[in-house]
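S.K.:
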Amino acid sequence: MNTERLTTKSKETLTAAVALATSRGHATVEPWHLLLTLLDTGGSTATALLKAVGANPADVRRAANHAIDRLPSARGASTVEPGAARELVNAVNAAEQIAGPLGDEYVSTEHLLAGLARIDGEVGRRLHQFGATEKTLVAAFDQVRGGGRRVTSADTEETYKALEKYGVDLTERARAGKMDPVIGRDSEIRRVVQVLSRRTKNNPVLIGEPGVG
């Protein structure tokens with residue numbers, strides 16, 4: 001596939017997979033390496049996707065680690081940078097094929113995970129056992145992205161659920177009983193409710209008296 005179509009996070013993940021295979025002395029970069037780095041790379045959507053389809057990311061990670069531990073390895077000066085296994089190439093190509101019909105211009109980490117689930121191999125079968133099939137994963141894309149977003153830039157993943165990442169849901173905190181009650185501000189509360197009820201200009205701003213900072 002055209003590597004220019006990979007998001008920044010996808011490139012990081014694939015680079016980490018090569019580094020992992022190299023550090024273990026493996027001759028080829030396998031789908032298992034990619035699966036593990038998808039779970040370990042910060043900003044990847046793999047963990048959230050697995051949770052969305054009912055799979056336990058910790059169980060998937062253990063399975064990947066166990067499979068990697070069983071791969072034959074070579075140590076010493078004779079080791080060279082590993083090449084990509086055919087199954088890995090198939091998975092990345094599958095990810096690109098999944099992205100196209102969805103209207104996504106770049107291949108992100110969620111496409112890579114779905115690509116691993118599509119290929120006919122040990123990784124795909126194991127993911128299916130955890131309930132992470134291509135169909136279930138693709139169906140969960142919108143949930144993980146935070147709405148009907150499309151991957152239109154190399155850094156789109158950084159914007160997923162931006163409010164959840166950088167904001168605080170005060171309504172949810174109040175519902176959970178984590179907000180202190182407001183006492184003696186009945187008139188202010190009524191005014192805020194009045195502003196919120198408007199069709200336009202409905203953003204209340206609370207400020208203190210002059211001089212309070």
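For the sequence shown, our numbering gives the first residue as 1, with consecutive numbering after it.
Using N, Cα and C, we set each Cβ at its ideal position, and we do this for glycine too.
Am I right that PRO204 and VAL192 are in contact with their C-beta atoms under 8 angstroms? What's the rounded C-beta distance?
M.R.: Counted from its first residue, the sequence shown places residue 204 at position 204. Counted from its first residue, the sequence shown places residue 192 at position 192. Rounded, the Cβ-Cβ distance is 5 angstroms, consistent with contact.
S.K.: Exposed or buried, which one is LEU196 when buried takes at least 16 other CB atoms within 10 Å?
M.R.: Counting from one through the sequence shown, the residue named residue 196 turns up at place 196. LEU196 comes out exposed.
S.K.: Quick one: give me the first and last residue of the alpha helix (DSSP H) that LEU116 is part of.
M.R.: Counting from 1 along the sequence shown, the entry for residue 116 is found at position 116. 109 to 118 is the extent of the alpha helix (DSSP H) around LEU116.
S.K.: Who are the Cβ neighbours of ALA48 in its own chain at under 7 angstroms, not counting the five residues just before and after it?
M.R.: On the sequence shown, residue 48 is found 48 positions in, with the first residue counted as 1. Cβ neighbours of ALA48 beyond the five flanking positions: VAL144.
S.K.: Quick test of the definition: if touching needs 3 or more C-beta pairs under 8 angstroms, does the stretch 36 to 43 touch the stretch 60 to 74?
M.R.: yes
S.K.: So what does GLY83 bridge to, in DSSP terms?
M.R.: As a first step, residue 83 must be located in the sequence shown, where it is residue number 83. Paired residue(s): THR28.
S.K.: Helix, strand or coil for LEU71, going by three-state DSSP, please let me know.
M.R.: Here residue 71 refers to the residue found at position 71 when the sequence shown is read from its first residue. In the three-state reduction of the DSSP assignment, LEU71 falls in the coil class, being assigned neither a helical nor a strand state.
S.K.: Between the alpha carbons of VAL182 and ARG175, how many angstroms are there, rounded?
M.R.: Residue mapping note: residue 182 aligns to position 182 of the sequence shown, counting from 1. Residue mapping note: residue 175 aligns to position 175 of the sequence shown, counting from 1. Rounded to the nearest angstrom, the two C-alpha atoms are 14 angstroms apart.
S.K.: In the DSSP assignment, what are the bridge partners of LEU6?
M.R.: As a first step, residue 6 is located in the sequence shown; it is residue number 6 there, counting from the start. Note: LEU6 sits in a beta bridge opposite VAL107.
S.K.: If you count every other CB in all the chains shown that lies within 10 Å of the CB of PRO210, and 16 or more means buried, which is it?
M.R.: The residue labelled residue 210 in the question sits at position 210 within the sequence shown. Exposed is the call here.
S.K.: Whose CA, out of VAL123, ALA132, ASN90 and LYS201, lies closest to the CA of LEU35?
M.R.: In the sequence shown, the residue the question calls residue 35 occupies position 35. The residue with the shortest Cα to Cα distance from LEU35 is VAL123.
S.K.: Could you give the residue range of the alpha helix (DSSP H) that holds GLU44?
M.R.: For the purposes of this step, residue 44 is identified with residue 44 of the sequence shown, where counting begins at 1. One point to set straight first is that residue 44 is Ser, not Glu, in the sequence displayed. Looking at the DSSP string, SER44 is not in any alpha helix (DSSP H), and its letter there is neither H nor E.
S.K.: For VAL29, count the other beta carbons within 10 Å of its own beta carbon; 16 or more makes it buried, fewer makes it exposed. Which is it?
M.R.: Looking up residue 29 in the sequence shown gives position 29. Its Cβ being crowded by 16 or more others within 10 Å, VAL29 is buried.
S.K.: Is it the case that the stretch 91 to 100 contacts the stretch 108 to 115, given that we only count it when at least three CB pairs across the two stretches are under 8 angstroms?
M.R.: yes
S.K.: What span of residues does the alpha helix (DSSP H) with ASP243 cover, start to end?
M.R.: Lying before the first or after the last residue shown, residue 243 is absent from the chain, which here runs from 1 to 213.
S.K.: Taking the straight line between their C-alpha atoms, what separation do you get for GLU81 and VAL18?
M.R.: The count along the sequence shown starts at 1 and reaches residue 81 at position 81. The count along the sequence shown starts at 1 and reaches residue 18 at position 18. The straight-line gap from Cα to Cα measures roughly 8 angstroms.
S.K.: Tell me the rounded alpha-carbon separation between ASP142 and ASP120.
M.R.: Position 142 of the sequence shown, counted from the start, is the residue given in the question as residue 142. Position 120 of the sequence shown, counted from the start, is the residue given in the question as residue 120. Their Cα atoms are separated by approximately 25 angstroms.
S.K.: Assuming PRO31 contacts GLU110 under a Cβ cut-off of 8 angstroms, what Cβ separation, rounded to an integer in Å, is found between them?
M.R.: Here residue 31 refers to the residue found at position 31 of the sequence shown. Here residue 110 refers to the residue found at position 110 of the sequence shown. Contact between PRO31 and GLU110 does not hold, since the beta-carbon distance rounds to 16 angstroms and is not under 8 angstroms.
S.K.: May I ask which residues mark the beginning and end of the alpha helix (DSSP H) holding LEU127?
M.R.: In the sequence shown, counting from the first residue as 1, residue 127 sits at position 127. Counted as a single uninterrupted DSSP element, the alpha helix (DSSP H) harbouring LEU127 occupies residues 122 to 129.
S.K.: Given this structure, state the Cα-to-Cα distance separating ALA55 from THR133, to the nearest angstrom.
M.R.: On the sequence shown, position 55 is the one that residue 55 refers to. On the sequence shown, position 133 is the one that residue 133 refers to. Roughly 10 angstroms separates the two Cα atoms.
S.K.: Would you mind giving the Cβ-Cβ distance between GLY43 and LYS9, rounded to the nearest angstrom? I have them listed as a contact below 8 angstroms.
M.R.: Locating residue 43 in the sequence shown gives position 43, where the first residue counts as 1. Locating residue 9 in the sequence shown gives position 9, where the first residue counts as 1. Confirmed, about 5 angstroms.
S.K.: In angstroms with no decimal places, state the Cα-to-Cα distance between GLU172 and ALA140.
M.R.: What you label residue 172 is simply residue 172 of the sequence shown in a count that begins at 1. What you label residue 140 is simply residue 140 of the sequence shown in a count that begins at 1. Rounded to whole angstroms, GLU172 to ALA140 spans 23 angstroms at the Cα level.
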